[in-house]
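J.: Got a structure for you, written out below as structure tokens; questions coming shortly.
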DNA sequence: TTGAAAGCGCTAACAT
DNA sequence: ATGTTAGCGCTTTCAA
């Protein structure tokens, strides 16, 4: 039976390279004994239909298994039910996929579907993507980047409603949604300070990233506000190198800082990947988390944060919500509703787990037995 | 300037809910002084065109910025340049996203784009997805699952060319591509045996997963072949509970096994997440990897495998290649080429890193200083 | 090598 | 409350 189905494809495909003629609105009309226009009205829920007629038509639709032809509809109305999604994923870093999921989920109740293109951060591919979108008469585009960043100043966005997610243009003329990395960084450090830490180190994200800049400034500002002096030797890089080809060096650097009687009681990590390495560095030295060192991450990348023991306290990036908001914004724009805010910075929320505690009282020595 | 662009959208959208009339083949024809049919020939590279005519047309296309209207083309030909992608992602597990990337990358040189739908493993949504695909006249679909599994026996696949990726139907009537978890499991254990291990534990994947079954059988078979007796108390669950709501228990279980003078010298982990917990368990006990325990993972989930110290030796799931193969198969089917193989099991390759060494000589005591 | 005519399935605009 | 007509942009078919 299923085998026949397969055979079917091969037949159809071999013979003519096309599927059976679709059952059209006319077929439905004929069966229901009404005009095609009436069927169209029913399909699009236009009202001004006698309930009885409606029933008849719906039954005909049912028995014929009619589905509307979006291509025809688009041709007539120039209103597509497809939105474009551009991502710039590269390599195996699975970050920010939750943005896409947030978008997909939010689109779920609507009539919209997503045409997705991945540019691998290649400008040529990106241009091609926009062309594909034009070819398909797409009505709006989500432009999603893997890392929080500015879009290059000379990027030309076609005149299709577009929402930037996880990135923004320097002029902030294109609607955009980004995480508030600065606030997140501030709150992360504050959390440590509130728990009594004053000897705080910082293992920095790749400094080429905008997030690194934002979170880094937050670190310095938060310490300044708390009246804590920054120990320069305790601010070390966690990743170095070109952005899609960088190298994790958090382990070595954290190990060096920690391997010293005068060591920090808490470490702020540029993100959860770095936090993982800092963990490894701590345990490599026989130090316990959080008893000997508190560690706080950033991103809430759950494979890491809920996978390690003890689970990692971290600053969550509001990816799903950003995706949901992007959908609301884009649909609003398409519907012609003016936007109050063109650029929104979405709040990061602290996720409390078990990698942060109060620092041990000065003088007490680390216990390192099971 | 960019602001004007925005204003533009709002104008257009508010006034009529549609974009400017597309520049059509006729406009090009008029400018080039030829018939529309001729333009069509050029656009589709049909040959039988005088080079001079071709030039003229191409120039007109250029100056007008013409892009073909896929909707119109589809209507006429019933051959869509869009393929469907169904995924069943749920929760925050980022597994198997590389399959999707493999597909996207392989599609890159072609004229095809992807319409993606995420079902969240909800049958109603899945059915809706197929309808959406029909509405868009989609020519083929990739059905990608997050976990290697069988598709439920009663799943009805519409008569659209479909390739199952990371799953298969029990009858293997639908073309499908899955990883060879059994071979992978076998090779993983063999690697340990070759390094001299005979005291080998196994922290099992959620036993509801097909991969767990396959990898599990491989574990027992490999030990049997090597003439090693299985220690039942060293085979423990790493995850328990319903599939999309399971709980990691690898840490506790690994810790219990390891916290014993008579402990395994190597641990096979159901996947890399579990391996991460086993690491934590080992270091929690002051044990060193790989000196005191060797650990081998499964999946090559790089955030983990290259993030922890020492980096994790693991059995890689050939996700990208599976995606690429899926593209080849689907395009072949659409083109009417018969398939030699309907069901392929893709080989897993061992990735050597630093979490496996030979077991310490019996009698030598563990050193646990820095 | 090129062109003319027809029609894919749908809905806007206008009847009735 | 329902029907008629026309045409969106393209390619197929046939003719020149």
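Residue numbers (the UniProt record's numbering), protein chains in the order written: chain A, 1 to 370; chain B, 1 to 370. Where a beta carbon is used, it is the ideal one built from N, C-alpha and C, also for glycine. Since we're looking at a predicted model, the values are computed, not measured.
Can you have a look at residue 6 of chain B and say buried or exposed, based on whether 16 or more other CB atoms are within 10 angstroms of its CB?
T.: Confidence in residue 6 of chain B is poor, its pLDDT being 38 and thus under 50, which makes the residue's placement unreliable; the coordinate value appears in the next sentence. Counting Cβ neighbours within 10 Å, residue 6 of chain B comes out buried, since at least 16 surround it.
J.: What separation, rounded to the nearest whole angstrom, lies between the Cα atoms of residue 81 of chain A and residue 111 of chain A?
T.: Those two C-alpha atoms are separated by around 6 Å.
J.: Given a cut-off of 8 Å on the beta-carbon distance, is the pair residue 269 of chain A and residue 298 of chain A in contact?
T.: yes
J.: Mind listing which residues of the segment 130-142 of chain A have their C-beta closer than 7 Å to chain B's C-betas, in chain order?
T.: Per Cβ criterion, the list reads 131, 132, 134, 135, 136 and 137.
J.: According to DSSP, residue 202 of chain B sits in a beta bridge with which residue or residues?
T.: B:235 and B:268
J.: Please report the residue range of the beta strand (DSSP E) in which residue 243 of chain A lies.
T.: Residue 243 of chain A -> no beta strand (DSSP E), and no H or E assigned at all.
J.: Which residue's Cα is closest to the Cα of residue 195 of chain A: A:360, A:305, A:103 and A:102?
T.: A:360
J.: For residue 137 of chain A, which residues in the same chain have their Cβ closer than 6 Å to its Cβ, ignoring the five residues on either side in sequence?
T.: 74 and 80
J.: If we require 3 or more residues per run, which beta strand (DSSP E) segments fall completely within the segment 320-368 of chain A?
T.: 343-346 and 349-351
J.: Against chain A, does residue 75 of chain B count as a neighbour if the rule is that its beta carbon must be under 8 Å from one of theirs?
T.: yes
J.: Going along chain A, which residues have a C-beta under 8 Å from residue 69 of chain B?
T.: 75, 135 and 137, listed in chain order.
J.: Could one say the Cβ of residue 246 of chain A lies closer than 8 Å to chain B's Cβ atoms, at least one of them?
T.: no
J.: What would DSSP say about residue 103 of chain A, mapped onto helix, strand or coil?
T.: helix
J.: In the segment 257-280 of chain A, which residues sit with their C-beta less than 7 Å from some C-beta in chain B, listed in chain order?
T.: 273, 276, 277 and 280
J.: Assuming residue 140 of chain B and residue 330 of chain B form a contact by the criterion Cβ under 8 Å, report the distance between their Cβ atoms to the nearest whole angstrom.
T.: 5 Å
J.: If you check the beta carbons only, do residue 249 of chain B and residue 239 of chain B fall under 8 Å apart?
T.: yes
J.: Should the segment 111-125 of chain A be called in touch with the segment 56-68 of chain A, which here means at least 3 C-beta pairs below 8 Å?
T.: By the Cβ criterion, the segment 111-125 of chain A is not in contact with the segment 56-68 of chain A, since fewer than three pairs of Cβ atoms, one from each stretch, lie closer than 8 Å.
J.: In or out: residue 176 of chain B buried (at least 16 other Cβ within 10 Å) or exposed?
T.: Buried.
J.: When DSSP builds the beta bridges, which residues end up paired with residue 298 of chain B?
T.: B:315
J.: Would you tell me roughly how many angstroms separate the C-alpha atoms of residue 109 of chain A and residue 71 of chain A, rounded to the nearest one?
T.: 21 Å
J.: I need the boundaries of the beta strand (DSSP E) containing residue 81 of chain A, first residue and last residue.
T.: It is not in any beta strand (DSSP E) - residue 81 of chain A carries neither H nor E in the DSSP assignment.
J.: Using a Cβ cut-off of 8 Å, pull out every chain B residue sitting near residue 118 of chain A, in sequence order please.
T.: 101, 104 and 105
J.: Under a Cβ-count criterion, where at least 16 other Cβ atoms within 10 Å of its own Cβ denotes burial, should residue 35 of chain B be classed as buried or exposed?
T.: exposed
J.: Reducing DSSP to helix, strand and coil, say where residue 138 of chain B ends up.
T.: coil
J.: Of all the options B:22, B:284 and B:348, which has the alpha carbon lying nearest to the alpha carbon of residue 131 of chain A?
T.: B:22
J.: Please list the segments of the beta strand (DSSP E) lying wholly inside the segment 135-193 of chain B, counting only runs of 3 or more residues, in order along the chain.
T.: 141-150, 162-168 and 176-179
J.: How do the segment 96-108 of chain B and the segment 311-326 of chain B stand: do at least 3 beta-carbon pairs fall below 8 Å, yes or no?
T.: yes
J.: Taking the straight line between their C-alpha atoms, what separation do you get for residue 351 of chain B and residue 213 of chain B?
T.: Going from the Cα of residue 351 of chain B to the Cα of residue 213 of chain B covers about 22 Å.
J.: Residues of chain B with CB under 9 Å from residue 63 of chain A, in chain order?
T.: Here the premise fails: no neighbours, minimum Cβ distance about 16 Å.
J.: Give the range of the beta strand (DSSP E) segment to which residue 306 of chain B is assigned.
T.: Element bounds for residue 306 of chain B: n/a, residue is neither H nor E.
J.: Report the option in B:341, B:210, B:144 and B:354 whose CA atom is closest to the CA atom of residue 101 of chain B.
T.: Restricting attention to B:341, B:210, B:144 and B:354, the CA atom closest to the CA of residue 101 of chain B is found in B:144.
J.: Can you have a look at residue 124 of chain A and say buried or exposed, based on whether 16 or more other CB atoms are within 10 angstroms of its CB?
T.: exposed
J.: How many angstroms separate the CA atom of residue 105 of chain B from the CA atom of residue 120 of chain A?
T.: 9 Å
J.: I need the boundaries of the beta strand (DSSP E) containing residue 115 of chain A, first residue and last residue.
T.: 113-118
J.: Just the C-alpha distance for residue 339 of chain B and residue 332 of chain B, rounded to the nearest angstrom, thanks.
T.: 8 Å
J.: Identify the contact partners of residue 290 of chain B in chain A, using a Cβ-Cβ distance below 7 Å as the criterion.
T.: Going along chain A, no residue has its Cβ under 7 Å from residue 290 of chain B, so there is no contact; the nearest lies around 13 Å.
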